[in-house]
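Below is one structure, written out as structure tokens; the observations come after it.
As structure tokens, then:
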């Protein structure tokens with residue numbers, strides 16, 4: 057289903073949904089990470105992402121002008137109305153798979169927000185500028201772990217390779233452009249994501265080289281998240297995330 | 643139980659609250675090396691804007707006094723009140739002295 061939101065609101069919702077879904081995924085690690093310090097690292101990243109989601113979804117609701125705020129968009133939309141990329145909804149798997157997803161996404165997000173911080177629309181630029189500092193840390197943290205696991209023991213290396221293999225087919229979607237992107241660029245809010253690809257390749261390849269890992273073989277890309285065609289994983293994530301607001305609409309504490 | 647020999651070593655964490663103040667010991671983290679220790683210290687102890695600078699150092703590098711020597715080390719200072727410069731007047735508003 058194509059989003060019912062107007063294009064610029066849809067653009068903001070895509071950004072918000074990316075952060076929201078990945079934040080929720082990382083939150084699943086809370087209390088389960090390999091060490092208490094890693095637990096805190098992942099929770100911090102999750103909270104940063106949910107903060108971004110609050111800003112972007114709030115902006116989406118404001119542009120739509122139908123009275124929906126960030127909470128309404130986060131907790132009262134169905135799975136087909138979510139427009140996050142498929143990468144962020146992928147299951148956590150083991151720690152290496154989680155790190156692989158974070159590594160690939162955070163480097164994309166860092167490049168995206170570097171550009172978005174300079175767009176004409178100050179609402180988008182301000183959120184991106186604030187988030188960029190957080191995202192740069194996420195990229196560093198994830199890259200360090202890719203190197204540690206990749207250039208670690210036989211087992212950690214095998215797990216890192218498997219994690220990257222799982223996530224790799226969802227990376228093309230990050231840079232795909234469509235009508236919503238074009239409308240956002242025309243409105244002075246959007247970024248040419250296709251143009252980020254070369255820098256992303258360079259950053260990712262540099263870390264993989266340090267981690268003594270080969271770049272995963274190119275496979276047929278899987279896309280569809282931006283127009284609501286999701287993997288089976290997202291529905292399960294939402295059923296947990298949205299339960300409380302669905303059962304007790306408007307509950308707060 | 644996890645094998646203690648496979649656990650990450652312990653690092654002591656020091657945070658400078660703001661420019662001009664000294665680094666203060668705030669606790670410890672486990673980490674495989676100094677770089678990871680800094681990241682863990684950042685995520686554990688500065689997430690509520692507590693700091694502007696971090697130090698970490700291996701806990702094993704600390705040489706501690708022996709509690710059994712406490713009497714010899716610290717008791718002799720007890721009756722040396724003249725070592726306290728209590729006769730200076732300190733102006734109001736001086737906090738860090």
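Residue numbers (our numbering), protein chains in the order written: chain A, 57 to 309; chain B, 643 to 739. Note that beta-carbon positions come from the ideal geometry of N, C-alpha and C, so glycine has one too.
- Message: Between which two residues does the beta strand (DSSP E) holding residue 85 (chain A) run?
- Response: Your numbering for residue 85 (chain A) matches position 29 in the first chain. Per DSSP, residue 85 (chain A) belongs to no beta strand (DSSP E) and is neither H nor E.
- Item | DSSP state of residue 618 (chain B) mapped onto helix, strand, coil | This structure cannot settle anything about residue 618 (chain B), because the visible part of chain B is limited to 643 through 739.
- Tell me the start and end of each unbroken alpha helix (DSSP H) in the stretch 206-242 of chain A that is at least 4 residues and wholly inside, in chain order. Listed in chain order, they are 210-224, 235-242.
- Task: Would you mind working out which of A:122, A:252, A:165 sits nearest residue 72 (chain A), comparing C-alpha positions?
- Result: Along the first chain, one-based indexing puts residue 72 (chain A) at 16. Comparing Cα positions, the closest option is A:165.
- CB-CB length for residue 699 (chain B) against residue 654 (chain B), believed under 8 Å: Position 57 of the second chain, counting from 1, holds the residue named residue 699 (chain B). Position 12 of the second chain, counting from 1, holds the residue named residue 654 (chain B). Contact check for residue 699 (chain B) and residue 654 (chain B): beta-carbon distance about 6 Å, within the 8 Å limit, so the pair qualifies.
- Item | Residue burial classification, residue 141 (chain A) (beta-carbon count within 10 angstroms, cutoff 16) | The sequence position of residue 141 (chain A) within the first chain is 85, counting from 1. Buried, by the Cβ-count rule.
- As assigned by DSSP and simplified to three states, the class of residue 670 (chain B): As a working note, residue 670 (chain B) is residue 28 in the second chain. It is a strand residue.
- Message: So, for residue 253 (chain A): in the same chain, excluding its five sequence neighbours on each side, which residues have a beta-carbon less than 8 Å away from its beta-carbon?
- Response: Indexing the first chain from 1 puts residue 253 (chain A) at position 197. For residue 253 (chain A), where only same-chain residues beyond five positions count, the Cβ hits under 8 Å are 231.
- Taking 8 Å as the CB-CB cut-off, is residue 205 (chain A) touching chain B? If you number the first chain from 1, residue 205 (chain A) lands on position 149. No, no contact with chain B.
- Under the rule that 16 or more other beta-carbon atoms within 10 Å means buried, what is residue 717 (chain B), buried or exposed? Here residue 717 (chain B) refers to the residue found at position 75 of the second chain. A residue is called buried once 16 or more other Cβ atoms fall within 10 Å of its Cβ, and residue 717 (chain B), having fewer, is exposed.
- Query: For residue 91 (chain A), which residues in chain B fall below 8 Å Cβ to Cβ?
  - Reply: For the purposes of this step, residue 91 (chain A) is identified with residue 35 of the first chain, where counting begins at 1. Chain B residues near residue 91 (chain A): 650, 672.
- Message: Can you pull out the residues from the stretch 80-113 of chain A whose beta carbon lies closer than 7 Å to at least one beta carbon of chain B?
- Response: Closer than 7 Å at the C-beta level to chain B, one finds these residues of the stretch 80-113 of chain A: 91, 93, 96, 97, 100.
- Exposed or buried, which one is residue 57 (chain A) when buried takes at least 16 other CB atoms within 10 Å? Sequence index remark: in the first chain, residue 57 (chain A) carries index 1 (1-based). The pLDDT assigned to residue 57 (chain A) is 41, lower than 50, so where the model puts this residue is not dependable; a value taken from the coordinates is nonetheless given after this. So residue 57 (chain A) counts as exposed.
- Query: Listing by chain order, which chain B residues have their CB less than 9 Å from the CB of residue 197 (chain A)?
  - Reply: For this step, residue 197 (chain A) is matched to residue 141 along the first chain. By Cβ distance, chain B contributes 681, 685.
- Item | Buried/exposed call for residue 159 (chain A), threshold 16 Cβ in 10 Å | Walking along the first chain from the start, residue 159 (chain A) turns up at place 103. Counting Cβ neighbours within 10 Å, residue 159 (chain A) comes out buried, since at least 16 surround it.
- residue 689 (chain B) versus chain A: which residues are under 7 Å apart at the beta carbon? Taking the first residue of the second chain as 1, we reach residue 689 (chain B) at position 47. Result: 100.
- Message: Assuming contact is defined by CB atoms lying nearer than 8 Å, are residue 50 (chain A) and residue 282 (chain A) in contact in what I supplied?
- Response: Past the edges of chain A, shown from 57 to 309, lies residue 50 (chain A), and the structure says nothing about it.
- Task: Could you name the residues of chain B that residue 200 (chain A) contacts, counting a contact when the two beta carbons are closer than 9 Å?
- Result: As a first step, residue 200 (chain A) is located in the first chain; it is residue number 144 there, counting from the start. Correct list: 677, 678, 681.
- Alpha carbon to alpha carbon, how far is residue 82 (chain A) from residue 88 (chain A)? Here residue 82 (chain A) refers to the residue found at position 26 of the first chain. Here residue 88 (chain A) refers to the residue found at position 32 of the first chain. Using only the alpha carbons, I get a separation of about 11 Å.
- Task: May I ask you to list the residues that DSSP assigns as paired with residue 300 (chain A)?
- Result: Here residue 300 (chain A) corresponds to residue number 244 of the first chain, with the count starting at 1. None, per the DSSP bridge assignment.
- Message: What residue range does the alpha helix (DSSP H) around residue 260 (chain A) cover?
- Response: Here the question's residue 260 (chain A) lines up with position 204 in the first chain. That run of the alpha helix (DSSP H) goes 253-266.
- Item | Endpoints, alpha helix (DSSP H) assigned at residue 97 (chain A) | As a working note, residue 97 (chain A) is residue 41 in the first chain. It spans 92-120 - the alpha helix (DSSP H) in which residue 97 (chain A) sits, taken as one unbroken run.
- Item | Other residues of its chain near residue 643 (chain B): CB distance less than 7 Å, five sequence neighbours each side excluded | Working through the second chain from its first residue, we reach residue 643 (chain B) at position 1. Unreliable positioning characterises residue 643 (chain B) in this predicted model, as indicated by a pLDDT of 45, which lies under 50. The coordinate reading is nonetheless provided below. Within the same chain, residue 643 (chain B) has no close Cβ partners at all.
- Query: CB-CB under 7 Å to residue 684 (chain B), same chain, minus the five flanking residues each way: which ones, in chain order?
  - Reply: Working through the second chain from its first residue, we reach residue 684 (chain B) at position 42. Here the set comprises 696.
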